[in-house]
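Residue numbers (our numbering), protein chains in the order written: chain A, 11 to 432; chain B, 24 to 478.
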Amino acid sequence: MRFLLTLLFASGLALAGTNDSFLIRGATVFPVTGPKVEGASLLVIDGKIAELGTKVTPPKGIKIIEGKGLSVYPGMIDSATEAGLSEISSVRETSDVSELGDFKPQLRAAVAVNPASEHIPVIRANGITSVMVMPGGGIIAGQAGLMHTDGWTWEEMLIRRGAAMVMLFPTLTPGFGGGAGGFGRAVGGTDARRTYERRIRLLKDYMESARRYQKAKAAAAAGFKTDLALEAMLPVLDRKVPLMITAQREAAIKDAVKWADQERVRIVIAGIRKPGATLADLKAKNIPVILPPTQALPLEEDDPYDQAFTLPNEVYKAGVKFAFGTFANQFSRNIPYQAGTAVGYGLPYEEALKAVTINPAEIWGVGDSIGSIEKGKWADIVVTNGDLLEVRTEVKKMFVKGKEVDVESKHTRLYKKYLARP
Amino acid sequence: MKSIFLALLAGVLSIASAQTIVIQNATVLTITKGTLKGSVVIKDGKILEVGEKVLVPPGAQVIDAGGQYLMPGIIDAHSHIAADSINEGSMSVSSMVGIEDVLDPEAIAIFRALAGGVTTANILHGSANAIGGKCLVIKTRWGKDTEGIKFEGAKPGIKFALGENPKRQGMATTQGTGRRGAADTSNLRYPGTRMGVEDVIRQAFTEAKQYQATWKDYEARKAKGETVIPPKRDLKLEPLVEILEGKRLVHAHCYRADEILMLLRVADDFGFKIKTLQHVLEGYKVAKEIAAHGAGASTFSDWWAYKVEAYDAIPYNAAVMVKKGVLVSLNSDDAELMRRLNTEAGKTVKYGGLTETEALSLITINPAKQLDIDNRVGSIEVGKDADLVLYDKHPLSTFAKVQKVMIDGTVYFDRDKDVSDRDQKQLRKKQLIEKEKQNQPQQKKGFAGGARRPA
Numbered sequence: 011m012r013f014l015l016t017l018l019f020a021s022g023l024a025l026a027g028t029n030d031s032f033l034i035r036g037a038t039v040f041p042v043t044g045p046k047v048e049g050a051s052l053l054v055i056d057g058k059i060a061e062l063g064t065k066v067t068p069p070k071g072i073k074i075i076e077g078k079g080l081s082v083y084p085g086m087i088d089s090a091t092e093a094g095l096s097e098i099s100s101v102r103e104t105s106d107v108s109e110l111g112d113f114k115p116q117l118r119a120a121v122a123v124n125p126a127s128e129h130i131p132v133i134r135a136n137g138i139t140s141v142m143v144m145p146g147g148g149i150i151a152g153q154a155g156l157m158h159t160d161g162w163t164w165e166e167m168l169i170r171r172g173a174a175m176v177m178l179f180p181t182l183t184p185g186f187g188g189g190a191g192g193f194g195r196a197v198g199g200t201d202a203r204r205t206y207e208r209r210i211r212l213l214k215d216y217m218e219s220a221r222r223y224q225k226a227k228a229a230a231a232a233g234f235k236t237d238l239a240l241e242a243m244l245p246v247l248d249r250k251v252p253l254m255i256t257a258q259r260e261a262a263i264k265d266a267v268k269w270a271d272q273e274r275v276r277i278v279i280a281g282i283r284k285p286g287a288t289l290a291d292l293k294a295k296n297i298p299v300i301l302p303p304t305q306a307l308p309l310e311e312d313d314p315y316d317q318a319f320t321l322p323n324e325v326y327k328a329g330v331k332f333a334f335g336t337f338a339n340q341f342s343r344n345i346p347y348q349a350g351t352a353v354g355y356g357l358p359y360e361e362a363l364k365a366v367t368i369n370p371a372e373i374w375g376v377g378d379s380i381g382s383i384e385k386g387k388w389a390d391i392v393v394t395n396g397d398l399l400e401v402r403t404e405v406k407k408m409f410v411k412g413k414e415v416d417v418e419s420k421h422t423r424l425y426k427k428y429l430a431r432p
Numbered sequence: 024m025k026s027i028f029l030a031l032l033a034g035v036l037s038i039a040s041a042q043t044i045v046i047q048n049a050t051v052l053t054i055t056k057g058t059l060k061g062s063v064v065i066k067d068g069k070i071l072e073v074g075e076k077v078l079v080p081p082g083a084q085v086i087d088a089g090g091q092y093l094m095p096g097i098i099d100a101h102s103h104i105a106a107d108s109i110n111e112g113s114m115s116v117s118s119m120v121g122i123e124d125v126l127d128p129e130a131i132a133i134f135r136a137l138a139g140g141v142t143t144a145n146i147l148h149g150s151a152n153a154i155g156g157k158c159l160v161i162k163t164r165w166g167k168d169t170e171g172i173k174f175e176g177a178k179p180g181i182k183f184a185l186g187e188n189p190k191r192q193g194m195a196t197t198q199g200t201g202r203r204g205a206a207d208t209s210n211l212r213y214p215g216t217r218m219g220v221e222d223v224i225r226q227a228f229t230e231a232k233q234y235q236a237t238w239k240d241y242e243a244r245k246a247k248g249e250t251v252i253p254p255k256r257d258l259k260l261e262p263l264v265e266i267l268e269g270k271r272l273v274h275a276h277c278y279r280a281d282e283i284l285m286l287l288r289v290a291d292d293f294g295f296k297i298k299t300l301q302h303v304l305e306g307y308k309v310a311k312e313i314a315a316h317g318a319g320a321s322t323f324s325d326w327w328a329y330k331v332e333a334y335d336a337i338p339y340n341a342a343v344m345v346k347k348g349v350l351v352s353l354n355s356d357d358a359e360l361m362r363r364l365n366t367e368a369g370k371t372v373k374y375g376g377l378t379e380t381e382a383l384s385l386i387t388i389n390p391a392k393q394l395d396i397d398n399r400v401g402s403i404e405v406g407k408d409a410d411l412v413l414y415d416k417h418p419l420s421t422f423a424k425v426q427k428v429m430i431d432g433t434v435y436f437d438r439d440k441d442v443s444d445r446d447q448k449q450l451r452k453k454q455l456i457e458k459e460k461q462n463q464p465q466q467k468k469g470f471a472g473g474a475r476r477p478a
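Here's what the structure looks like:
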């Protein structure tokens, strides 16, 4: 085994600097969209998957990577991060997550992603090749960008600039209606109700303004002036870009779905925790969800201790399309374990794998280019020494668009430096 | 009379035999004595026998754990659950306060930790002070009262804290003033720098030494038969004297290599030991010095970058320290993380290549040693407390879940039962809510009516 790894390492060195074509042979390949292939050869030409099978004839002179004993997966996608937007969460100067104001759909998270952030190689090294980078704050926070975890600039990292419009749906605070049965109204409940209603009204007005703007623009009305914020809402009104709406509990999810129906917009619900009876409706309306960490405490004191562990299976059984998101920079690298924990509590393994690969790719509108190992897709590939979702597994090699990327990071550098301290 | 005695004896015997439990067919991860496929016999809350083949005592309750993994209960050396308050932040030395006085045995976090395989936890004061309050070791005996959850006989401890947290209240802030450099210096508390943190600790121990000398002098003169007035007791200094005399364990919150080294040298100068460095995220940089002092290190698996002093934190920290001879544990400091310390340990297999036994030691025998309770818990050995966790898969696996947790030979958590009881509990909750709804308006009416009635 060690010899094999040495061999692998050596071949890796020899490959550096060559083009984005190679053949991995003798590995177990998990295409995700089809059954696993053992003893497989995976051919990548010019950064794209060219062929997968047990009998692949390698083009002459192509670099060959020995994959015996190794497993190959599509790169994982974290559907909710602040990667590159925030470096040290407690230091305001290092965070570009939340802009001022309630409505700022014109803001683009992608342009504030620091490609040199120490977080990016750390996230990447655990097999994550793409991340949704979300802005926060206000009601409409701005546009989330789907980014590769590799690139010299944010532009090179970009997969899809406005993959979603992030919206924080106004909610009543827990303990008032949102909690158990509305029994025992919390102090300050009326204030919460007033704030909630005001924010709902603001949102309604804003959508109305966007529609008027759309009409005025279409009619080329006299005196029409470009408004960058309202302009940014047009793809949302045209249902080209989904609104990524955060809502945790049944009441908020119900509200959001009803609102989306009224406004005729496409939505993805992010961060659901207690969907209650809303799942059937989400399924019927084809609304996908982004699941927050399975490693979360139950919302209420008397909720089952395993509430967050069992939620993914509950969502799966309801037939709702879902993907995982970590919602935290620091733990983005742990997204495989977020999916794996759900497997322990009933979620079929294949579904867990899909929820970090093909499902998010489809939800964010790039299912034809990433998310699985299929002919014609970008070669976003992770090579491991075991099960991708298993906490003890090591990522041995990674490719983004067929280009081999570093699995070293600030963490491995410090590790090596201080391990060698005399 | 004789027959009554016999009946009584029989009663006692039947209770005793009911307390004998055999867990069979498990993969037993003893931690200290290897791994075997076999059984564990438990009697009166203690481990009586561990072996591939054991004799099942007559009347013993048998738990078939075929295909499952049995390991010692997880020990979390750093937790803040089950306490009504955590930080007495008004002064830089708060050694007079203690968690024991604010213990809440009904905190749901105890149950959740238990369901995550934790059977023992060190409940610490917060990190707002260079020298903080006294800690308390508990067992997660869910359902017991304040006395019932204490880890009886565990050596007392105390929290120290270095770095950003204790100096926070000493840092002038320019926020909100709107003018550059116009810092708000009201309500500042010394210290405001890492230098000041060292000074606070040195000052406190200088006072404690004098206090100790005063008492020693008094005891000596009293022993000689002199009539002497006892010195005034000082509840702040008493715990520090206990530290100097090795009767109280120091658990010191720290991050950066410089402050870690500083504290070790202060302790060396005053002649006491740091029992554990907590968090110790840069411990890997000074592992040699930590090992030489003999301090333990209790760290996170992979937390980083949540503040400046955590920016050099690496997930290899535990492994590097283990390799350099430090006694290392992994802790949670968090009611959520506390429920999955097993997979946190699993990460050290990946980050730094620890063996499975080394990894599991980080959450069992090592924290037991760090809390000086390894004679009682931390491994599956004859004579130790029967604090055990049964997993459906290898505990270091992402896919593993806790099936049963036993403390002192009593099953405190059983997943199957927890799941099957849920409908009934929901029903009971509904009934109680209905009852309360019906009661409320009636009570109100009765009370108001009563008040209006003339006497």
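Glycine residues also receive a C-beta, built at the ideal position from the N, C-alpha and C atoms.
- Cβ-Cβ distances below 7 Å link A:P245 to G172, V251 in the same chain, with the five nearest sequence neighbours on each side left out; the list follows chain order.
- The stretch 264 to 312 of chain A contains, as complete beta strand (DSSP E) runs of 3+ residues, the segments 277 to 280, 299 to 301 (chain order).
- At a cut-off of 7 Å between C-beta atoms, A:G350 counts as an interface residue with respect to chain B.
- The beta carbon of A:G155 sits no closer than 7 Å to any beta carbon of chain B.
- Per DSSP, B:T208 lies in no alpha helix (DSSP H) segment and is marked neither H nor E.
- Out of A:A270, A:A287, A:A230, A:R276, the CA that lies nearest to the CA of A:E260 is found in A:A287.
- By the neighbour-count criterion, in which 16 or more other beta carbons inside 10 Å mark a residue as buried, A:W162 falls on the exposed side.
- Contact with chain B is found for A:R402, since one of that chain's Cβ atoms lies less than 7 Å from the residue's Cβ.
- Put simply, the CB of B:R135 is near chain A, with a gap under 7 Å to one of its CB atoms.
- If only complete runs of 3 or more residues are kept, the stretch 384 to 460 of chain B shows the beta strand (DSSP E) at 411 to 414, 425 to 430, 433 to 437, in order along the chain.
- Counting every other CB atom within 10 Å of its CB across the protein chains shown gives B:S402 a total of 16 or more, marking it as buried.
- Residues of chain A whose Cβ lies closer than 8 Å to the Cβ of B:A106 do not exist; the shortest such Cβ separation is about 16 Å.
- At least one beta carbon of chain B lies nearer than 7 Å to the beta carbon of A:V353.
- When DSSP states are grouped into helix, strand and coil, A:I98 belongs to the coil group.
- In this structure, B:R362 and B:G139 form a Cβ contact; the two beta carbons are roughly 3 Å apart against a cut-off of 8 Å.
- Counting along the chain, the unbroken beta strand (DSSP E) around B:L52 starts and ends at 44 to 52.
- Using a CB distance cut-off of 7 Å, A:Y428 counts as an interface residue toward chain B.
- Apart from sequence neighbours up to five positions away, the residues of its chain that approach B:I109 with a beta-carbon distance below 7 Å are H103, H148, G149, ordered along the chain.
- The C-beta distance from A:D30 to A:G412 rounds to 3 Å, short enough to meet the 8 Å contact threshold.
- Contact of B:V372 with chain A is assigned, a C-beta pair being separated by under 7 Å.
- Counted as a single uninterrupted DSSP element, the stretch harbouring A:Q153 is not any alpha helix (DSSP H) but the beta strand (DSSP E) occupying residues 150 to 158.
- Collapsing the DSSP output to three states places A:R35 in a strand.
- Taken in chain order, the unbroken stretches of beta strand (DSSP E) that lie wholly in the stretch 158 to 198 of chain B and span 3 residues or more are 180 to 184.
- If you draw a straight line from the Cα of B:K232 to the Cα of B:E242, it is about 15 Å long.
- Around the beta carbon of A:D160, 16 or more other beta carbons lie within 10 angstroms, which makes this residue buried.
- The C-beta of A:E311 comes closer than 7 Å to at least one C-beta of chain B.
- Rounded to the nearest whole angstrom, the CA to CA distance from A:S127 to B:Y334 is 12 Å.
- In the structure shown, the three-state DSSP call for B:H103 is coil.
- Against chain A, the CB of B:T366 has a partner CB under 7 Å away; the residue lies at that interface.
- A:A306 has its alpha-carbon roughly 22 Å from the corresponding atom of A:K264.
- DSSP places A:V376 outside both helix and strand once states are collapsed to three, so it counts as coil.
- If you look at A:R171, you'll find it in the beta strand (DSSP E) that goes 168 to 178.
- Per DSSP, the continuous alpha helix (DSSP H) segment holding B:Q233 begins and ends at 217 to 246.
- The C-beta of B:S113 has fewer than 16 other C-beta atoms within 10 Å across all chains shown, which makes the residue exposed.
- Contact between A:Y355 and A:T320 holds, since their C-beta atoms are separated by about 5 Å, short of 8 Å.
- Per the Cβ contact rule, the stretch 75 to 91 of chain B is in contact with the stretch 49 to 67 of chain B (3 or more Cβ pairs under 8 Å).
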